[in-house]
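To start, the structure itself, in structure tokens.
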Ligand code: TXA
Ligand code: MG
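Shown next, in the form of structure tokens:
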């Protein structure tokens, strides 16, 4: 299993692998990413191959700084600049017109490219040491749970990646919020930056429900982010007691009785803590060979919007 600690030596080795066209799983503050040089179409193709992702799904390009941003984006509207100034480095992705040097495979032929400046020190160090922008989708197989720990990556992709750099558990545990600026300011995917926070900077921001009905990208497909165990979003206690005895319960703030296994996302009822634990808790429950998982709904405010988005997609089969 190619998991390595983020020592200076290993970071240099990972950066060289990236420069040479290899694929490295890297920690970010949201989830682990499967990174390759965004400017190298062959390396990008390898990412799709490892993920077994249909090539129509464009990738997020990670940049170190303003200079690197300028090398991948052709234009930056004022609204995007305002969000960047407030939320970068951090879990916000902006969709901008792409610069000519970005291979169209990275954007699956779209004229726009999704860009994010990560805050995680290991991701930043790899961007700095490699000197190239890194295209990185979440480091899971297509449709699977996003990884929030190095072992999650190893379990799904271990034999297929050159290297997994271990940066510990991801701080947010939930993917970045994606915003497009073509028709007003549209949130394409709710994520680790809450809508309310975006609205403090740009009051005109809106969640694009339309995209959920007419998905152009798999992150927006209804059945994305699914564990193998069937999952339902329900109030606790449904079904017979026999059924519950073979089921798991994923609670927001409180446990429920009668289930074979119970996990609580945040005993304090904090959405931030719940978001950070969501995917890893789903991994844990998924590994227990249960008949089903009952997930309790969380309040749809702040990060609760993104948590419910992921739970609904995990429950759609
Ligand atoms: O937090 C994150 O965003 C993580 C970390 C690794 O940065 N990355 C991530 O990537 O979640 P991925 O590939 O799993 O999801 C990226 C989403 C996909 O649904 C993709 O289709 C969408 O971003 N996307 C990428 N480029 C786009 C574009 N040009 N227009 C619209 N959506 C785009
Ligand atoms: Mg993903």
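Residue numbers (this note's numbering): 46 to 362.
In this text, a Cβ means the ideal position worked out from N, Cα and C, and glycines have one as well.
Computed from a predicted structure; not experimentally measured.
- The beta carbon of residue 50 sits closer than 7 Å to the beta carbons of 211 from its chain, once the five residues preceding and following it are set aside; these are given in chain order.
- Between the ligand MG and the CB of residue 182, the shortest heavy atom gap is smaller than 7 Å.
- With respect to the C-alpha of residue 195, the residue from 324, 348, 349 having the closest C-alpha is 324.
- A Cβ-Cβ distance of about 18 Å is found for the pair residue 329 and residue 217, leaving them out of contact under the 8 Å criterion.
- Contact between the segment 289-298 and the segment 151-167 is absent: fewer than 3 CB-CB pairs across the two stretches fall below 8 Å.
- In this structure, residue 301 and residue 281 form a Cβ contact; the two beta carbons are roughly 3 Å apart against a cut-off of 8 Å.
- Classified as buried, residue 220 has 16 or more neighbouring CB atoms from the shown chains inside 10 Å of its CB.
- Relative to the non-hydrogen atoms of the ligand MG, the Cβ of residue 149 never comes closer than 7 Å to any of them.
- For residue 326, the enclosing alpha helix (DSSP H) begins and ends at 316-331.
- Cα atoms of residue 182 and residue 83: separation of roughly 11 Å, rounded to the nearest angstrom.
- Here the C-alpha atom of residue 295 lies approximately 44 Å from the C-alpha atom of residue 144.
- 8 Å or more divides the Cβ of residue 327 from the Cβ of residue 352.
- In the structure shown, the three-state DSSP call for residue 84 is coil.
- One alpha carbon belongs to residue 360, the other to residue 235, and they sit about 17 Å apart.
- Between residue 47 and residue 207, the C-beta spacing is below 8 Å.
- Of the other Cβ atoms in all chains shown, fewer than 16 fall within 10 Å of the Cβ of residue 285; this residue is therefore exposed.
- Distances from the CA of residue 113 to each of 224, 127, 169 were compared; the closest alpha carbon is that of 169.
- A distance below 8 Å between beta-carbons, with the five flanking residues on each side excluded, links residue 87 to the following residues of its chain, in chain order: 66.
- The beta-carbon separation of residue 246 and residue 128, rounded to 6 Å, stays under the 8 Å limit for a contact.
- Separation of the CB atoms of residue 223 and residue 230 is rounded to 12 Å, and the pair is thereby denied contact status at 8 Å.
- Sixteen is the threshold: when 16 or more other Cβ atoms of the shown chains lie within 10 Å of the Cβ of residue 322, as they do, the residue is buried.
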